[in-house]
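Chemist: Just dropping this structure here.
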Amino acid sequence: MSYQTSNPLVGETEFALDGPWATYWIAFLRVVTGWWFFHAGITKIIESGFSYTYGSAYMQQMSGTALGGIPVWMGNNLAWLIEPGVPLFETLIGLALMAGALTRFAAFGGVIFMVLFWIGNAGFGNGVVNSDLMGLLLFLTVIVLAAGRYYGLDALIEETEVVKQNPKLRYLLG
Numbered sequence: 001m002s003y004q005t006s007n008p009l010v011g012e013t014e015f016a017l018d019g020p021w022a023t024y025w026i027a028f029l030r031v032v033t034g035w036w037f038f039h040a041g042i043t044k045i046i047e048s049g050f051s052y053t054y055g056s057a058y059m060q061q062m063s064g065t066a067l068g069g070i071p072v073w074m075g076n077n078l079a080w081l082i083e084p085g086v087p088l089f090e091t092l093i094g095l096a097l098m099a100g101a102l103t104r105f106a107a108f109g110g111v112i113f114m115v116l117f118w119i120g121n122a123g124f125g126n127g128v129v130n131s132d133l134m135g136l137l138l139f140l141t142v143i144v145l146a147a148g149r150y151y152g153l154d155a156l157i158e159e160t161e162v163v164k165q166n167p168k169l170r171y172l173l174g
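Taking the numbering used here, the leading residue of the sequence shown gets 1, the next gets one more, and so forth.
Listed below in structure tokens is the structure:
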């Protein structure tokens, strides 16, 4: 415990990246990010089932974005995939992150969603740095810091023989 009133961090408190506070924080970020996506997905399922028509309708209006006509084409021609896919994948991404299982793979799915949201809101009325970019950065942080290895199932999965015999699987975990 620090007794220096001028610097309360002197003493036993350690904020190193490999210290316990950092691992708690990384796990917390992973779980909160997972809850965010799980809640978004499960709410859509409860309200609309797997017929979330807003996703394809939204994409049909994205003609003025950096993606050009691609989202409009997707909204018109892939509605059969988008309508059930948005709530289903948001829910699954959220569950995987909360459990810390296949964390990097799930977070990569979140990155795809957030890039589409960020570019889709390309009017950037609040500037380039907006909530969509912040969500994108959260998912990238989960990937870079291998957040599933901190109090997540990925730490256990990586100890299995399958992963030990196929170490490239660790790129999906963690």
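All residues carry an ideal CB built from backbone N, CA and C; glycine is no exception.
(1) For G135, collect the residues of the same chain with a Cβ closer than 6 Å to its Cβ; drop the 5 residues on either side in sequence, then sort them by chain order.
(2) Candidates V163, T141 and W118: which alpha carbon is nearest N130's?
(3) Are three or more beta carbon pairs between the stretch 105-113 and the stretch 133-148 nearer than 8 Å?
(4) For the candidate residues E90, Y24 and A107, whose alpha-carbon lies nearest to that of F37?
(5) Taking its Cβ as the centre, do 16 or more other Cβ atoms sit within 10 Å of D154, making it buried, or is it exposed?
(6) Quick check on the DSSP output: what are the complete alpha helix (DSSP H) runs of length 4 or more inside the stretch 132-171, in order along the chain?
(7) So, with DSSP's three-state summary, where would you put V32?
(8) Rounded to whole angstroms, how far is the Cβ of G94 from the Cβ of G34, which I believe are closer than 8 Å?
(9) Less than 7 Å separating the beta-carbons of Y151 and A66?
(10) Tell me the residue span of the alpha helix (DSSP H) that contains T103.
(11) Can you give me the C-alpha to C-alpha distance between L169 and A79, rounded to a whole angstrom?
(12) Taking the CB atoms as reference points, tell me whether R149 and G120 lie closer together than 7 Å.
(13) When the distance is taken between beta carbons, is L81 closer than 7 Å to L172?
(14) What do you reckon, are the CB atoms on M74 and M98 nearer than 7 Å?
(15) For Y52, count neighbouring C-beta atoms within 10 Å of its own C-beta (all shown protein chains included) and say buried if the count is 16 or more, exposed if not.
Modeler: Well, looking at it:
(1) Contacts found: M114.
(2) The alpha carbon of N130 has as its nearest neighbour, out of V163, T141 and W118, the alpha carbon of W118.
(3) Using a Cβ-Cβ distance cut-off of 8 Å, the stretch 105-113 and the stretch 133-148 are in contact, since at least three pairs of beta carbons, one from each stretch, lie closer than that value.
(4) It is E90.
(5) Around the beta carbon of D154, a 10 Å sphere encloses 16 or more other beta carbons of the protein chains shown; the residue is thus reported as buried.
(6) Listed in chain order, the complete alpha helix (DSSP H) runs (minimum 4 residues) inside the stretch 132-171 are 153-157 and 161-165.
(7) Assigned with DSSP and collapsed to three states, V32 falls in helix.
(8) That pair is a contact at about 5 Å.
(9) Cβ atoms of Y151 and A66: not closer than 7 Å.
(10) That run of the alpha helix (DSSP H) goes T103 to G120.
(11) Going by the C-alpha atoms only, they are around 32 Å apart.
(12) No; because the gap between Cβ atoms is not below 7 Å, this pair is not in contact.
(13) Contact: no.
(14) Cβ atoms of M74 and M98: not closer than 7 Å.
(15) Answer is buried; the Cβ neighbour count reaches 16.
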